[in-house]
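A.B. asks: Next up is a structure, given as structure tokens.
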Amino acid sequence: MQPRNVLHSRRGRLATFGILYISEGIPYGFSSTAMVAFMRIEGLSLEQIGAFVAAMFIPWSFKWVWAPMIDIIKLKRFGGRKAWITFCSCMMIITLLFVAVVDFVEDFHLLLWMIVLNNFFCATQDVAIDSLAVSTLRPDERATGNGFMFGGQYLGIGLGGGGALFVSGFWGFNASLIYVSSLMLINLAFVLIFIRDEEASVQHVRHSSVGRFSHFVSTLGVFVRDLYTGFAESGSGPRFGLLFALLPVGAMALAYALLGTIQVDYGLTETQISKLSVAASFTAGFGCVVGGMLGDRLGVKKVTATFYILTIIPTLMLANQIATVGLSNISLFLLCATILGHSLLFGMAFAVRNAIFMGMTNPAVAATQFTAYMALANLAVSFGNYWQGAVAERMNYQTALYLDSALVVLALCVIPFLKDREDKAQVRLATEDVATADVTR
Numbered sequence: 002m003q004p005r006n007v008l009h010s011r012r013g014r015l016a017t018f019g020i021l022y023i024s025e026g027i028p029y030g031f032s033s034t035a036m037v038a039f040m041r042i043e044g045l046s047l048e049q050i051g052a053f054v055a056a057m058f059i060p061w062s063f064k065w066v067w068a069p070m071i072d073i074i075k076l077k078r079f080g081g082r083k084a085w086i087t088f089c090s091c092m093m094i095i096t097l098l099f100v101a102v103v104d105f106v107e108d109f110h111l112l113l114w115m116i117v118l119n120n121f122f123c124a125t126q127d128v129a130i131d132s133l134a135v136s137t138l139r140p141d142e143r144a145t146g147n148g149f150m151f152g153g154q155y156l157g158i159g160l161g162g163g164g165a166l167f168v169s170g171f172w173g174f175n176a177s178l179i180y181v182s183s184l185m186l187i188n189l190a191f192v193l194i195f196i197r198d199e200e201a202s203v204q205h206v207r208h209s210s211v212g213r214f215s216h217f218v219s220t221l222g223v224f225v226r227d228l229y230t231g232f233a234e235s236g237s238g239p240r241f242g243l244l245f246a247l248l249p250v251g252a253m254a255l256a257y258a259l260l261g262t263i264q265v266d267y268g269l270t271e272t273q274i275s276k277l278s279v280a281a282s283f284t285a286g287f288g289c290v291v292g293g294m295l296g297d298r299l300g301v302k303k304v305t306a307t308f309y310i311l312t313i314i315p316t317l318m319l320a321n322q323i324a325t326v327g328l329s330n331i332s333l334f335l336l337c338a339t340i341l342g343h344s345l346l347f348g349m350a351f352a353v354r355n356a357i358f359m360g361m362t363n364p365a366v367a368a369t370q371f372t373a374y375m376a377l378a379n380l381a382v383s384f385g386n387y388w389q390g391a392v393a394e395r396m397n398y399q400t401a402l403y404l405d406s407a408l409v410v411l412a413l414c415v416i417p418f419l420k421d422r423e424d425k426a427q428v429r430l431a432t433e434d435v436a437t438a439d440v441t442r
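Just so you know, we're using my numbering here: the sequence shown kicks off at 2 and counts up by one.
Laid out in structure tokens, this is it:
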């Protein structure tokens, strides 16, 4: 007997998207945490590491280019979006194993290309998962759902980052690759057994060659119309969402590559980094779940703004300590407390922020529109990693952290203008009401 579709219940939906995001977090954590630490230990410069992380984000920044494939090429005969997720998971495992034969120092550019390719498939999988989430999660589940999703992602980051470092410390780098690939295979098995895309259950109609072309043109036309409606005829919220996506997620330097180099330059051992990385990932994941629940209860904009502001506190504390006593003289307890405190607050801000984008998205073009928001957000992260690494290399860590905190103000100025998408009829009615009010004055 075929297992029931877990997406039919609220608990099943929340658990499923959490597990799917674990599969995204594992390779990301390995690349952004474990690989960064390995590279620094091998003697690569901060600028090279910054370039590595920036390259890793390139597919995520431009995934909107191929995201329409998910909306247009449904693959209903093969399981719909489940087929996309399965294929990308397999390719992520294959490309990650190729990294085992690359020398970090001698073949740095080849390493960059392999990581870009791995993240291309990871980003494409993300598009399919997000599309499934937008069309499956109910409005009162969005913030909590995003909390579970990004909580799962952080759990995956901890397993793929700190977990890989822990395995590497005992059995070497290649063993950590096998460990990461095994975790991804477990997630792949879950997708194959328990998930079914309801849109793929609609009967597939065969077309002749001419009919296929006509059907494709018709589908493309509907897609373009729905996409235009999603951005241009759904109120002002989706347009302000594009600007908001380009701005930083609070003070975020302590959530990305700069954190890895700070830990190495502080003098932490590989084992210490792995333990702290796992703790930070789990703390951020817990923050995602709590932030998502608070967002559904108190309002997503209010919760997002609050935790954006709070991420500044640990960032400024660490910057002040580095400027006052120097990085190597900071107590280990204070360093760990600052990192974990930031992880909790950043997780709360990050998850509920993405619920805002989900509310702006037209389900008919979910893969493309939501991906556009996420791609712009990843472009902001990529640029942030680059300038933070460059500033830290040319100046110092504290300057990078001070600038990171100051940029939060830009995002706070945009939050009041964010709101959910409106139906085309609602927008037209609102416009007519304004026009009528002007005439009667």
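From the three backbone atoms N, C-alpha and C, an ideal C-beta is built for every residue, glycine too.
1. Might you give, ordered along the chain, the residues of its own chain that have their beta carbon closer than 8 Å to the beta carbon of Gly80, omitting 5 neighbours on each side?
2. Which term fits Lys303, buried or exposed, when burial requires 16 or more other beta carbons within 10 angstroms of its beta carbon?
3. Given 8 Å as the limit, is there contact between the region 82 to 100 and the region 150 to 170, that is, 3 or more CB pairs closer than that?
4. Which residue spans inside the region 376 to 430 form an unbroken alpha helix (DSSP H) run of at least 4?
5. In this structure, does DSSP put Glu107 in helix, strand or coil?
6. For Leu15 and Val301, I'd like the C-alpha separation in whole angstroms.
7. Going along the chain, which residues of its own chain have a beta-carbon closer than 6 Å to the beta-carbon of Leu1, five neighbours each way excluded?
8. If you draw a straight line from the C-alpha of Gly242 to the C-alpha of Ala376, how long is it?
9. If you run the structure through DSSP and keep just helix, strand and coil, what is Lys276?
10. When the Cα of Arg143 is compared with those of Gly19, Gly261, Ile194, which residue comes out closest?
11. Ile74 to Arg298, Cα distance in whole Å?
12. Can you look up Ser182 in the DSSP assignment and give me helix, strand or coil?
13. Taking all protein chains shown into account, do 16 or more other C-beta atoms lie within 10 angstroms of the C-beta of His343, making it buried, or fewer, making it exposed?
14. I need the straight-line Cα distance from Gln273 to Thr262, nearest angstrom please.
15. Quick check on Val106: buried or exposed, where buried means 16 or more other Cβ atoms within 10 Å of its Cβ?
16. Taking the alpha carbon of Val192 as the reference point, which residue from Trp85, Val168, Asn397 has its own alpha carbon closest?
17. Counting along the chain, where does the alpha helix (DSSP H) carrying Thr312 start and finish?
18. Under 7 Å between the Cβ atoms of Tyr374 and Ala256?
19. For the alpha helix (DSSP H) containing Leu330, name the first residue and the last one.
20. State buried or exposed for Ser278, treating a residue as buried only when at least 16 other CB atoms are found within 10 Å of its CB.
21. Which runs of the alpha helix (DSSP H) at least 4 residues long sit entirely within the region 51 to 80? Give them in chain order.
22. Pull up the distance between the alpha-carbon of Thr325 and that of Met396, whole angstroms please.
23. Considering just the uninterrupted stretch of the alpha helix (DSSP H) at Phe31, what are its terminal residues?
24. Classify Leu248 as helix, strand or coil using the three-state DSSP reduction.
25. What does the alpha-carbon distance come out to for the pair Val265 and Ala365?
26. Specify, as a first and last residue, the run of the alpha helix (DSSP H) that Tyr445 falls within.
27. In its own chain, which residues sit with a C-beta less than 6 Å from the C-beta of Thr362, not counting the 5 before and 5 after it?
28. Helix, strand or coil: how does DSSP classify Val435 here?
29. For the alpha helix (DSSP H) holding Arg82, just list the boundary residues, first then last.
30. Between the alpha carbons of Ala190 and Ala124, how many angstroms are there, rounded?
31. Looking only at its chain, what residues have a beta carbon closer than 8 Å to the beta carbon of Leu413, apart from the 5 residues adjacent to it on each side?
32. Measuring alpha carbon to alpha carbon, tell me which of Asn119, Pro140, Leu45 ends up nearest Phe31.
33. Only counting the same chain, and skipping five residues up and downstream in sequence, which positions put a Cβ closer than 6 Å to that of Gly288?
C.D. replies: To lay it out plainly:
1. Indexing the sequence shown from 1 puts residue 80 at position 79. The residues are Thr87, Arg197, Asp198, Ala201.
2. Counting from one through the sequence shown, the residue named residue 303 turns up at place 302. Burial call: exposed.
3. Taking a cut-off of 8 Å on C-beta distances, the region 82 to 100 does not touch the region 150 to 170, as fewer than three cross pairs fall below it.
4. Runs found: 398 to 407, 409 to 415.
5. Walking along the sequence shown from the start, residue 107 turns up at place 106. Glu107 sits in coil when the DSSP states are folded into three classes, being neither helix nor strand.
6. Here residue 15 corresponds to residue number 14 of the sequence shown, with the count starting at 1. Here residue 301 corresponds to residue number 300 of the sequence shown, with the count starting at 1. Rounded to whole angstroms, the separation of the alpha carbons of Val301 and Leu15 is 18 Å.
7. Absent from the structure is residue 1, since the part of the chain shown begins at 2 and ends at 442.
8. Indexing the sequence shown from 1 puts residue 242 at position 241. Indexing the sequence shown from 1 puts residue 376 at position 375. Answer to the nearest angstrom: the Cα atoms are 12 Å apart.
9. Numbered from its first residue, the sequence shown carries residue 276 at position 275. Collapsing the DSSP output to three states places Lys276 in a helix.
10. For this step, residue 143 is matched to residue 142 along the sequence shown. Selected option, being the one with the closest Cα: Gly19.
11. The residue given as residue 74 occupies position 73 in the sequence shown. The residue given as residue 298 occupies position 297 in the sequence shown. Near 37 Å, if we compare the C-alpha coordinates of Arg298 and Ile74.
12. Taking the first residue of the sequence shown as 1, we reach residue 182 at position 181. In the structure shown, Ser182 sits in a helix (DSSP, three-state: H, G or I).
13. Counting from one through the sequence shown, the residue named residue 343 turns up at place 342. With a threshold of 16 other beta carbon atoms within 10 Å, His343 meets it and is buried.
14. In the sequence shown, the residue the question calls residue 273 occupies position 272. In the sequence shown, the residue the question calls residue 262 occupies position 261. Annotation: Gln273 to Thr262 spans about 13 Å, alpha carbon to alpha carbon.
15. Residue numbering aside, residue 106 sits at position 105 when the sequence shown is read from its first letter. By the 16-neighbour rule on beta-carbons within 10 angstroms, Val106 is exposed.
16. Here residue 192 refers to the residue found at position 191 of the sequence shown. Closest in alpha carbon position to Val192, among Trp85, Val168, Asn397, is Trp85.
17. As a first step, residue 312 is located in the sequence shown; it is residue number 311 there, counting from the start. It is not in any alpha helix (DSSP H) - Thr312 carries neither H nor E in the DSSP assignment.
18. Taking the first residue of the sequence shown as position 1, residue 374 is located at position 373. Taking the first residue of the sequence shown as position 1, residue 256 is located at position 255. In this structure, the beta-carbon distance from Tyr374 to Ala256 does not fall below 7 Å.
19. For the purposes of this step, residue 330 is identified with residue 329 of the sequence shown, where counting begins at 1. One point to set straight first is that residue 330 is Asn, not Leu, in the sequence displayed. DSSP places Asn330 in no alpha helix (DSSP H); its state is neither H nor E.
20. Within the sequence shown, residue 278 is the residue found at index 277, counting from 1. So Ser278 ends up on the buried side.
21. Those alpha helix (DSSP H) runs which fall completely within the region 51 to 80 and span 4+ residues are 69 to 73.
22. Within the sequence shown, residue 325 is the residue found at index 324, counting from 1. Within the sequence shown, residue 396 is the residue found at index 395, counting from 1. Thr325 and Met396: Cα-Cα distance of roughly 15 Å.
23. Here the question's residue 31 lines up with position 30 in the sequence shown. Premise fails: Phe31 is in no alpha helix (DSSP H) and is neither H nor E.
24. What you label residue 248 is simply residue 247 of the sequence shown in a count that begins at 1. It is coil, neither helix nor strand.
25. The residue you call residue 265 lines up with position 264 of the sequence shown. The residue you call residue 365 lines up with position 364 of the sequence shown. When rounded, the separation of the alpha-carbon atoms in Val265 and Ala365 is 46 Å.
26. Nothing can be reported for residue 445: it is not among the residues displayed for the chain, which extend from 2 to 442.
27. The residue given as residue 362 occupies position 361 in the sequence shown. Around Thr362: Val135, Gln370, Phe371.
28. Position 434 of the sequence shown, counting from 1, holds the residue named residue 435. Here the model assigns Val435 a pLDDT of 41, short of 50, so the residue's position is not dependable, and the following value carries that caveat. Residue state, collapsed to three classes: helix.
29. Mapped onto the sequence shown, residue 82 falls at position 81. Counting along the chain, the unbroken alpha helix (DSSP H) around Arg82 starts and ends at 82 to 99.
30. Within the sequence shown, numbered from 1, the residue matching residue 190 stands at position 189. Within the sequence shown, numbered from 1, the residue matching residue 124 stands at position 123. Between the alpha carbons of Ala190 and Ala124 lies a gap of roughly 20 Å.
31. Here residue 413 refers to the residue found at position 412 of the sequence shown. Cβ neighbours of Leu413 beyond the five flanking positions: Ala306, Tyr309, Ile310.
32. Your numbering for residue 31 matches position 30 in the sequence shown. Answer by Cα proximity: Asn119.
33. If you number the sequence shown from 1, residue 288 lands on position 287. Here the set comprises Leu345, Gly348, Met349.
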